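Enquirer: Sequence order for the protein chains is P and D. For the numbering used here, count along the first sequence from 1 and bump the result up by 980. For the numbering used here, count along the second sequence from 1 and bump the result up by 48. Here it is, the structure, as structure tokens.
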Amino acid sequence: MRGLLTAVTFLPTLGAIALMLVPRTAARAIRLGAFGISLATFLISLPLYFAFDTDSADYQFEEFAPWLPSLGASYHVGVDGISVLLVLLTTFLTPIALASAWTAIHDRTKEFVITMLVLETGMVGVFVSLDLFLFYVFWEAMLIPMYFLIGVWGGTNRIYAAVKFVLYTMVGSVLMLVAILAIYYQHGGATGTFTFDVPTLARWVMPPGTGQTLMFLAFALAFAIKVPLFPFHTWLPDAHVEAPTAGSIILAGVLLKMGTYGYLRFCLPLFPDAALAFGPLVFALALIGIIYGAWVSMVQPDLKKLVAYSSVSHLGFVMLGIFTLNIQGLVGGLIQMINHGLSTGALFLMVGMIYERRHTRLIADFGGLWKVIPAFSALFLVVTLSSLGLPGLNGFVGEFLILLGVFRVNRWLAALAALGVIFAAVYLLWMYQRVIFGEIRHPENERLHDLTPREWAVTIPLVIFIVFIGVYPAAFTARTEATIEALIAQVQSKAGVATLPASRAERAPARSNPETAGRAVTVARP
Amino acid sequence: MIPPPVVSLGPLLPIIIVCATGMLVLLLDLLPARGSKAYLATVSLGGLVVALMSALFRWGGGEARAFRDMIILDNYALFFHIVICYAAALIVLLSMDYLERQGAESAEYYALLLFSTSGMMLLSAANDLIIVFLGIELMSLSLYVLAGLFKWRPQASEASMKYFLLGVFASAFLLYGIALLYGATGSTNFGRMTSAVAGKPADTLFLLGLGFVMVGLGFKISAVPFHMWAPDVYEGAPTSVTALIATASKAAVFAALIRLVIADLRPVQPDWTNALWVLAVLSMTVGNVVALAQTNLKRMLAYSSIAHVGYMLVGLVTGGAQGAAAVLFYLLAYMFTTVGTFGVITLCERSTGEAVDVGDYAGLGRRHPMLALALTLFLLSLVGIPPLAGFVGKFYLFGAAVKSGYVWLAVIAVLNSAIAAYYYLRVIIYMYMREPEGEVASYVPSFAGSLALVISLAGILLLGLQPSPFVDLAQSAVAPLLR
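Right, dumping it as structure tokens:
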């Protein structure tokens, strides 16, 4: 299926270019067109799920074309168990986000949908790039549409939030650029091959030392800001509160995952010694994030801020899982990335729905909604429970696996992290209780209308996956395990901790052989 | 007996074409008035295009020398001929309606622009300090007058006066430096100077002379601490002239600087590398930090251009073929981006004059979406956001720095680009995220101006998405320097 990833990546931008030609007065046609393009992108991305070879740790659907031959940068894309689900999450959430804005965005609709579609290209590009140069291009390019989303269509304090978002991210990523150049020249100087190709660089064993530590820190800072890891999280509540609903869905659902994805794709395999050395620090920061995020969520009067801080807490779990470097923790972390995208995306979506009705997000302005809008209340309950990790729903699977992985590393750490699950139950259920239960205290809430067909249609797909992952997680975890095992083996063998069962170690060298697998396309398995 | 000089004008052909066009424009102006002077712009454009073509035809044709090695026409000089002619041609396009609207259309403008351009081209072909001086004076004297073209504006007179006084001061430094270098080496020719100092311990007289020459050239590229003139001149000069000062004149001086320091002074490299390091860091940091506080778009771009000079000096510090090629590529990218940015300003106006305050651009995204989109792309290219030309330029520059071990210099440079994002994005904030208060800039339709914008936009997209051929071009341009 050559060209599939290219099609998934660039179809939204092509669509955006086509939409530029539509006159702006035809707002309905523009909305429909953008939704159709994003839906088509989702549909053509489905073979990534169905034709994905779950037994292979290699990159699949690879495409390779020289781009800057004199520099060793190429257009090299592919997916493996780490990225395939994230690509699907992106293509899945974009049409939902576009549909959520159907009535919420009136001003400059044309620019809005074009921005969203360009953003989708950037996001997919980040996840499929297997070349550091290409990755950086998408990583930086994606900032701009998000900046516009917050700055143009955001709330009252939108400009402050947008600028803060861009500057925070820029500072992190420019240092990463220097580290990218450093690894390029260090690898080139050591091997004679100057390349930005990620699989090639990942196979090379970088000598441990100050150089590796500094490069790791530069990458880690860029990703820590994006995750966001405590104490780099302060841009997130501002950005979330000011962003329009569609922006919040994308921001929470996909953008934050780029940080955790970066750790998996780059920090662990490229700088294993430094990553292991800094593991305890990451654990500490992640744990602080979990507890701190949960506590701050508890006292938020604003629904969006509450969900934003809950993201800090949930992403802390993901970081814990990744740095356990065992199969449970990593698979849990990866699946939790998907879960958080679905649950938090759904939470922002539903908060957006009541905001559209009441133009307030303050918890104190609600109460007793279950009598007025029962269908909304029921779906909101499912989403809330999924976010707090109720068994049977998706959140439980991820958190359970992560805690299992953490337990194998350090029991006390697991015990402390488990507190975060309890706090999550406290702030989420308390929020639900104050918003949905009780008596109607505000007369404005008496005449709210329940979910419209469009709102049903955008919420139900999310709820289906929330339940589906909860009862049958293997449908997703199976696609990640082979890659994760190979990754663990690779990190441990490179860092000199070779204490692995033979069966897993064998897989490590198979991880994308450059000349053969690098350019060939994996034949799809039915 | 002195043999009669062999005059071979061949290597000077592109320069002669530009110069002769300038004289032709002056002559044509003497013809009985025909109403509009628009045809003079067309003639100038024609001359520049012919010069550009002649340079393109000459590309790869090996090296030619003239006037006893004083002038050298190789791929390197041709690269700069092309960049300078391209920039000048785009600026002529921008000037057409702009000057007419400002009521300043005159033959002198185009003639001076062409003379200035020929001075710049001469600089890029200089192989002797005397020619460097000649080129700088030809370029600068024309620019001093051009800067004060809007003589009814007080800022214009201030700009012209300031530029002139500080400029001649810098020229004096340059001349004194040349004299000292001549004293130290017995020659003003780049090659002969190099062989005179090669293999010897550094001589105080030589270093002093080199320092003075650096001051003179540093002034012309407005590197900190020789930048004081730039904001006032950028503000007071007609915007089209500002674009010329910001792009082509800097490219030309960089051409001489690179040929001098990277190619010919390699034997004494460490002595000037440290000085350039300091200049680079100062220029980047001061330029960007002061730009944060500007609300006048032209002043902001003046400080931003100081910062960009700092980035290019990073390439000079790095030295070697890669550093030089990176600077050349950056100059090309910077030329398209900056001409485009100033181009947008020439196309906007208020009833009281030019729209130069950042507040004038409030709501531009709603009123003129295409113009706002163009300005956004130019500004993002200046920030260095991929996939635009500015990003690739920075990538090569900082890559060269990392390769040569100047990692911390690269770190300072990238942090500076993050600072710069703030003030460039502020303009975008005004265009898209603020509603206008009071009178705002309105777009003046102009075919020639829009054409210049479209060419510049195509340039930054092409250089950003498909930089390979241009990188090869820059590399083959610096190849003759480093044999």
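We treat Cβ as the ideally placed atom computed from N, Cα and C, and that holds for glycine. Quick caveat: nothing in here was measured; it's all calculated off a predicted structure.
So which residues on chain D does P:Leu1428 lean against when the C-beta distance must stay under 8 Å?
Expert: Correct list: empty, because the minimum Cβ distance to chain D is about 31 Å.
Enquirer: Could you give the DSSP three-state label for P:Ser1054: helix, strand or coil?
Expert: strand
Enquirer: Is the beta carbon of P:Ser1293 closer than 8 Å to that of P:Gly1273?
Expert: Yes; because the gap between Cβ atoms is below 8 Å, this pair is in contact.
Enquirer: In whole angstroms, what is the alpha-carbon distance linking D:Thr394 and D:Leu511?
Expert: 24 Å
Enquirer: Going by beta-carbon coordinates alone, are D:Gly358 and D:Ala448 separated by less than 8 Å?
Expert: Cβ distance not < 8 Å, so D:Gly358 and D:Ala448 don't count as in contact.
Enquirer: Any beta carbon of chain D sitting closer than 8 Å to that of P:Pro1003?
Expert: no
Enquirer: Among all the DSSP beta bridges, which residues are the ones paired with P:Asp1253?
Expert: P:Asp1253 pairs with nothing; no bridge assigned.
Enquirer: Determine the contact status of D:Ala99 and D:Ser56, defining contact as a CB-CB distance below 8 Å.
Expert: no
Enquirer: For the beta strand (DSSP E) that contains D:Glu397, what are its first and last residues?
Expert: 396-398
Enquirer: Anything in the region 440-453 of chain D with a Cβ closer than 7 Å to a Cβ of chain P? List those residues in chain order, please.
Expert: For chain P, the residues of the region 440-453 of chain D that bring a beta carbon within less than 7 Å of one of its beta carbons are Phe446, Gly447, Val450, Lys451, in chain order.
Enquirer: Please tell me whether D:Leu194 and D:Ala299 are closer than 8 Å, where the distance is taken between their beta carbons.
Expert: no
Enquirer: Taking the Cβ atom as the reference point for each residue, do P:Arg1341 and P:Val1331 lie within a distance shorter than 8 Å?
Expert: yes
Enquirer: Under 8 Å between the Cβ atoms of D:Leu308 and D:Leu361?
Expert: Cβ atoms of D:Leu308 and D:Leu361: not closer than 8 Å.
Enquirer: With a CB to CB cut of under 6 Å and the five nearest residues on each side skipped, what residues in its chain are close to P:Ala1141?
Expert: Ile1130, Asp1218, Ala1219, Glu1222
Enquirer: Tell me, please, whether the CB atom of D:Pro515 is closer than 8 Å to any CB atom in chain P?
Expert: yes
Enquirer: Residues in the same chain with beta-carbon distance under 7 Å from D:Leu406, minus the five sequence neighbours each way, listed in chain order, please.
Expert: It is Val, not Leu, that sits at residue 406 of chain D in the sequence shown. Excluding sequence neighbours, D:Val406 sits near Thr343, Leu345, Arg474, Val475, Tyr478.
Enquirer: On the DSSP letters alone, give me the boundaries of the beta strand (DSSP E) that D:Ala112 sits inside.
Expert: Annotation: the continuous beta strand (DSSP E) that includes D:Ala112 extends over 112-114.
Enquirer: Inspect the CB distances between the region 1186-1205 of chain P and the region 1249-1266 of chain P and report whether three or more fall short of 8 Å.
Expert: When Cβ pairs closer than 8 Å are counted between the two stretches, the region 1186-1205 of chain P is seen to touch the region 1249-1266 of chain P, the count reaching three or more.
Enquirer: Which whole-angstrom value is the C-beta distance of P:Leu1305 and P:Ile1468, which I expect to be below 8 Å?
Expert: 6 Å
Enquirer: Strictly below 7 Å CB to CB, what residues from chain D border P:Ile1139?
Expert: Ile477, Met481
Enquirer: Is P:Val1287 closer than 8 Å to P:Thr1324 when the C-beta atoms are compared?
Expert: Cβ atoms of P:Thr1324 and P:Val1287: closer than 8 Å.
Enquirer: Alpha carbon to alpha carbon, what distance is there between D:Leu96 and D:Leu61?
Expert: 12 Å
Enquirer: On the DSSP bridge list, what partners appear for P:Pro1187?
Expert: None; P:Pro1187 has no bridge partner.
Enquirer: Please list, in chain order, the chain D residues whose beta carbon lies closer than 7 Å to that of P:Met1411.
Expert: Within 7 Å Cβ-Cβ: nothing; P:Met1411 doesn't reach chain D, min ~31 Å.
Enquirer: Taking 8 Å as the CB-CB cut-off, is P:Tyr1116 touching chain D?
Expert: Under the Cβ criterion of 8 Å, P:Tyr1116 is counted among the residues facing chain D.
Enquirer: Here's the rule: buried if 16 or more other CB atoms are within 10 angstroms of the residue's CB, otherwise exposed. What is D:Asp408?
Expert: buried
Enquirer: Alpha carbon to alpha carbon, how far is P:Phe1113 from P:Phe1030?
Expert: 29 Å
Enquirer: Return the bridge partner residues of P:Pro1046 from the DSSP annotation.
Expert: P:Ser1054
Enquirer: Just to confirm the assignment, what range does the alpha helix (DSSP H) spanning D:Ile477 have?
Expert: 455-481
Enquirer: If you pair each beta-carbon of the region 478-490 of chain D with each one of the region 410-430 of chain D, do three or more pairs fall below 8 Å?
Expert: yes
Enquirer: Where does D:Leu121 sit, in a helix, a strand or coil, going by DSSP?
Expert: strand
Enquirer: By alpha-carbon positions, which one of P:Val1158, P:Phe1210, P:Ala987, P:Ser1366 ends up nearest to P:Ser1199?
Expert: The question names Ser, yet the displayed sequence has Phe at residue 1199 of chain P. With distances taken between Cα atoms, P:Phe1199 lies closest to P:Val1158.
Enquirer: Where does P:Arg1391 land, buried or exposed, given buried means 16+ other C-beta within 10 angstroms?
Expert: exposed
Enquirer: Grouping DSSP H, G and I as helix and E and B as strand, with all else coil, what is D:Ala174?
Expert: strand
Enquirer: Could you check whether the region 206-220 of chain D touches the region 280-297 of chain D, counting it as contact only if at least three pairs of C-beta atoms, one from each stretch, sit closer than 8 Å?
Expert: yes
Enquirer: Out of D:Ser516, D:Val519, D:Ser353, D:Ile503, point me to the one whose CA is closest to D:Ile139's CA.
Expert: D:Ile503
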